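Take the sequence shown: its position 34, counting from 1, is numbered 20 in the numbering used here, and each next residue is one higher.
Built from N, CA and C at the ideal position, the CB exists for glycine as well.
No experiment lies behind these values; they were computed from the predicted model shown.
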Amino acid sequence: MIRFSILGIPVCVQPWFWLTMVFIGGGLHASNSLEIMLVAVFAFAGFLSIMIHELGHALMIRKYGLPTSITLQAFGGFASYPSGQLDRKQSFLVTAAGPGLQFAFGILLIGLAGLIQIPEGSLFRPFLRDLILVSIFWSILNCLPVYPMDGGQMLAAILGPRKQRYVHLISAIVAVAIGVAGYFYLGTILLPIFMALFAWHNWQSFQATPR
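The structure is reproduced here in structure tokens:
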């Protein structure tokens, strides 16, 4: 477990975060020192990008005068704060700030990549590539309306507490669509597995929530 502070905000990085970053980065297939190094580069790029994402949440939370801390865990992280302290507009802005800052960071890096010359064979080349890919992909994925991802939480803030049942229904439908698209168009099994779990969770919540 790694603990530190950034801009006065406590941060905790759990071991599972690193393990999942290594897994996503192809750690199971790394067979030589170069491939292992590239997995480590991806893991660090993922750490930096997701930290930017959670920092967006945390800074907006702090703007509203609430205490916050960041935890990076398996396949992501969260910025915690006392529940019931924000109205719907504030909740929406807090949620949107994470992927918004991360996406802006990715766009900034794309511009930077076009301005600088990176030596051939430098590890900074795959690092910058991974940093851009994670920042753009992660921010867009998180904005899709699938609860409890950021997009689902933003949808919940828009519809309000009386229509949470519809949040779960929409989330289940979108999760299935993303999972199918991920399998057939991206050729990945990891995304469909997660979307299947989200779809099942939201369908159960939809059925359990009173009309």
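Just measuring C-alpha positions, the residue of GLY165, GLY168, ALA167, LEU141 sitting nearest LEU155 is LEU141.
The three-state secondary structure of LEU(-7), taken from DSSP, is coil. Straight across, the Cα-Cα distance linking GLN190 with ALA158 is about 9 Å.
ILE144 and ARG151 have their C-alpha atoms spaced approximately 13 Å apart. Contact fails between the segment 108 to 118 and the segment 175 to 185, because fewer than three Cβ pairs, one in each stretch, are under 8 Å apart. Contact check for ASP136 against THR57 fails: the beta carbons are separated by 7 Å or more.
Distance from the Cα of GLY11 is smallest, within the candidate group SER19, ARG74, GLY32, for GLY32.
At the C-beta level, CYS129 and PRO85 come within 7 Å of one another. One thing to note: GLY168 has its Cβ within 7 Å of the Cβ of THR174.
Taking LEU72 as reference, the option from GLY107, PRO53, LEU176 with the minimal CA-CA separation is PRO53.
For PHE110, the uninterrupted alpha helix (DSSP H) segment begins and ends at 110 to 128. Per DSSP, the beta bridge partners of GLN59 are GLY62. Linking LEU172 to THR6 through their CA atoms gives a straight-line distance of about 19 Å. Pairing PHE(-10) with PRO(-4), the inter-Cα distance amounts to about 6 Å.
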